[in-house]
Amino acid sequence: TSTQARLDGFFTVL
Amino acid sequence: MFEARLASSATFKKVLDAIKDLLNEASFDCSDAGIQLQAMDNSHVSLVSLNLKSDGFEKYRCDRNLTMGMNLASLSKVFRCSGSDDTVTIKAQDDADTVTFMFEAKKQEKISDYEMKLMNLDQEHLGIPETEFSCIIKLPSGEFARIVRDLSQFGESIVISCTKEGVKFSTQGDIGTGNVKLAQTNNFDKEDQSVIIDMQEPVSLTFSCEYLNSFTKATPLSNQVTLSLCDNVPLVVEYQIPDLGHLKYYLAPKIEE
């Protein structure tokens with residue numbers, strides 16, 4: 244089984 | 081004062097159709113450079129990044145940077161009122177709380193305008209780091225949409241595996257499995273009908289069918305789509321909008337538990 248990763252952490256908040 | 085006139089309202093309609101599944105509302109950031117939109121879906125699984133260059137418009141004037149928060153369902157209602165050959169002019173005063181869309185038929189025989197309320201959206205701007213992707217795949221957008229649609233019948237996820245031999249899309253579900261392999265084509269004089277693979281490292285990543293299907297709503301915008309893959313970073317699905325800009329989707333992979 245796999246879980247859906249989230250995008251938080253991939254991008255930096257400007 | 082902001083004023084942007086686009087020769088084809090149908091193009092903007094296609095952009096809206098391509099993002100309204102993922103976003104309920106979004107801020108359109110207007111500057112000298114053009115119109116940009118960047119927003120994550122509610123689940124923070126995908127990000128939409130739209131860039132419409134000012135020189136892609138017939139007329140473009142932006143005296144002060146302006147952020148226009150809009151409800152996309154309402155915006156769709158407005159664009160449903162435009163004819164397929166109409167031009168559209170988007171107008172807003174500085175610090176206005178409304179935006180006006182004017183649709184003009186080609187011979188000026190019909191002119192309509194719609195004023196829509198703007199929203200104050202508290203949206204953060206995200207910096208997207210430069211990534212050296214392991215694999216960059218260009219393929220016909222219709223082919224990508226077809227593969228995602230076909231495989232979505234069988235499972236909830238699609239594994240995209242890329243090697244120097246080609247790219248493979250796979251799924252599995254209760255009734256069985258499905259695989260679609262595409263080899264690189266040599267049809268260089270028709271680039272938008274070709275499959276072009278630029279591979280540094282083989283890569284295999286798993287993505288949600290539901291999100292991939294939403295991204296393929298952008299198919300009418302472009303004949304070609306670019307998929308950029310790398311371990312541990314989001315997939316980028318990019319549609320170039322001819323002479324106007326691009327629409328990119330970022331999607332977090334599924335990971336093994």
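Same order as they appear, the protein sequences are chains A and B. If you count the first sequence from 1, position 7 lands on 250 in our numbering, and the numbers rise without skipping. If you count the second sequence from 1, position 55 lands on 135 in our numbering, and the numbers rise without skipping. A virtual CB, placed ideally from N, CA and C, is assigned to each residue, including glycine.
**Report entry** residue 168/B versus residue 132/B: straight-line alpha-carbon distance, rounded
**Finding:** The residue you call residue 168/B lines up with position 88 of the second sequence. The residue you call residue 132/B lines up with position 52 of the second sequence. Those two C-alpha atoms are separated by around 14 Å.
Query raised in the report: Can you list the residues of chain A that residue 335/B reaches, using a CB-CB cut of under 7 Å?
Result: Taking the first residue of the second sequence as position 1, residue 335/B is located at position 255. Chain A residues near residue 335/B: 245, 246 and 248.
Requested in this report: Determine the DSSP secondary structure at residue 118/B, reduced to helix, strand or coil.
Outcome: Position 38 of the second sequence, counted from the start, is the residue given in the question as residue 118/B. Residue 118/B: strand per DSSP, three-state reduction.
Query raised in the report: Quick one: does residue 205/B have its CB under 8 Å from some CB of chain A?
Result: The sequence position of residue 205/B within the second sequence is 125, counting from 1. Yes, residue 205/B counts as interfacial toward chain A.
Query raised in the report: Which residue from 90/B, 108/B and 295/B puts its Cα closest to that of residue 226/B?
Result: On the second sequence, position 146 is the one that residue 226/B refers to. When only C-alpha atoms are compared, the closest one is 295/B.
Query raised in the report: What residues are listed by DSSP as bridge partners for residue 255/B?
Result: Translated into the one-based positions of the second sequence, residue 255/B becomes position 175. DSSP lists no partner for residue 255/B.
Query raised in the report: Residues of chain A with a CB under 8 Å from the CB of residue 240/B: which are they?
Result: Your numbering for residue 240/B matches position 160 in the second sequence. The contacting residues do not exist; residue 240/B stays about 14 Å from chain A at best.
Query - Backbone secondary structure at residue 142/B - three-state DSSP - result: On the second sequence, residue 142/B is found 62 positions in, with the first residue counted as 1. If DSSP states are grouped into helix, strand and coil, residue 142/B belongs with the strands.
Query raised in the report: Could you give the distance in angstroms between the alpha-carbon of residue 234/B and the alpha-carbon of residue 257/B?
Result: The residue you call residue 234/B lines up with position 154 of the second sequence. The residue you call residue 257/B lines up with position 177 of the second sequence. Roughly 7 Å separates the two Cα atoms.
Requested in this report: Have a look at residue 284/B and residue 231/B and give me their C-alpha separation to the nearest angstrom.
Outcome: As a working note, residue 284/B is residue 204 in the second sequence. As a working note, residue 231/B is residue 151 in the second sequence. Rounded to whole angstroms, residue 284/B to residue 231/B spans 16 Å at the Cα level.
Query raised in the report: Are residue 276/B and residue 242/B close, meaning C-beta to C-beta below 8 Å?
Result: On the second sequence, residue 276/B is found 196 positions in, with the first residue counted as 1. On the second sequence, residue 242/B is found 162 positions in, with the first residue counted as 1. Contact flag unset, no.
Query raised in the report: Between residue 305/B and residue 103/B, what straight-line distance do the alpha-carbon atoms span, to the nearest angstrom?
Result: Counting from 1 along the second sequence, the entry for residue 305/B is found at position 225. Counting from 1 along the second sequence, the entry for residue 103/B is found at position 23. The alpha-carbon atoms of residue 305/B and residue 103/B are separated by roughly 21 Å.
Query raised in the report: Hey, quick one: how far does the beta strand (DSSP E) through residue 131/B stretch, first residue to last?
Result: Your numbering for residue 131/B matches position 51 in the second sequence. Segment 126–133, the beta strand (DSSP E) holding residue 131/B.
**Report entry** Spatial neighbours of residue 118/B in its chain, beta-carbon cut-off 6 Å, leaving aside the 5 residues before and after
**Finding:** As a working mapping, residue 118/B is identified with position 38 in the second sequence. Cβ neighbours of residue 118/B beyond the five flanking positions: 129.
Query raised in the report: What residue does the alpha helix (DSSP H) around residue 241/B start on, and which one ends it?
Result: Counting from 1 along the second sequence, the entry for residue 241/B is found at position 161. No alpha helix (DSSP H) contains residue 241/B, which is instead part of the beta strand (DSSP E) from 237–243.
Query raised in the report: Who are the near neighbours of residue 109/B in its chain, counting only those whose CB is closer than 6 Å to its CB and skipping five residues on each side?
Result: For the purposes of this step, residue 109/B is taken as residue 29 along the second sequence, with counting starting at 1. 116 and 147, listed in sequence order.
Requested in this report: Could you check how far apart the C-beta atoms of residue 106/B and residue 134/B are, in whole angstroms? I think they sit under 8 Å.
Outcome: On the second sequence, residue 106/B is found 26 positions in, with the first residue counted as 1. On the second sequence, residue 134/B is found 54 positions in, with the first residue counted as 1. So it is not a contact: roughly 19 Å between Cβ atoms.
Query raised in the report: Under 8 Å between the Cβ atoms of residue 158/B and residue 196/B?
Result: As a position in the second sequence, residue 158/B is number 78, starting the count at 1. As a position in the second sequence, residue 196/B is number 116, starting the count at 1. Yes, they are a contact pair.
Query raised in the report: What do you reckon, are the CB atoms on residue 291/B and residue 179/B nearer than 8 Å?
Result: Within the second sequence, the letter at position 211 stands for residue 291/B. Within the second sequence, the letter at position 99 stands for residue 179/B. Taking 8 Å as the Cβ cut-off, residue 291/B and residue 179/B do not qualify as a contacting pair.
Query raised in the report: Are the beta-carbon atoms belonging to residue 289/B and residue 236/B less than 8 Å from one another?
Result: The count along the second sequence starts at 1 and reaches residue 289/B at position 209. The count along the second sequence starts at 1 and reaches residue 236/B at position 156. Yes, these two residues count as a Cβ contact at 8 Å.
Query raised in the report: What in chain A is Cβ-close to residue 77/B, meaning under 7 Å?
Result: With chain B covering 81 to 337 only, the question about residue 77/B has no answer from this structure.
Query raised in the report: Just curious, the beta strand (DSSP E) that residue 195/B is in, first and last residue?
Result: On the second sequence, residue 195/B is found 115 positions in, with the first residue counted as 1. Start and end: 191–197.
Report task. Could you tell me whether the Cβ of residue 243/B comes closer than 8 Å to any Cβ of chain A? Result -> Working through the second sequence from its first residue, we reach residue 243/B at position 163. No, no contact with chain A.
Requested in this report: In the DSSP assignment, find the unbroken alpha helix (DSSP H) run with residue 292/B in it and report its ends.
Outcome: In the second sequence, counting from the first residue as 1, residue 292/B sits at position 212. Here the alpha helix (DSSP H) through residue 292/B covers 289–295.
Report task. Report yes if the C-beta distance between residue 239/B and residue 250/B is below 8 Å; otherwise report no. Result -> Working through the second sequence from its first residue, we reach residue 239/B at position 159. Working through the second sequence from its first residue, we reach residue 250/B at position 170. Yes, the pair counts as a contact, with Cβ atoms nearer than the cut-off.
Query raised in the report: Assuming residue 307/B and residue 301/B make a contact with CB atoms under 8 Å, what is their CB distance in whole Å?
Result: As a working note, residue 307/B is residue 227 in the second sequence. As a working note, residue 301/B is residue 221 in the second sequence. Contact flag wrong, Cβ pair sits at about 16 Å.
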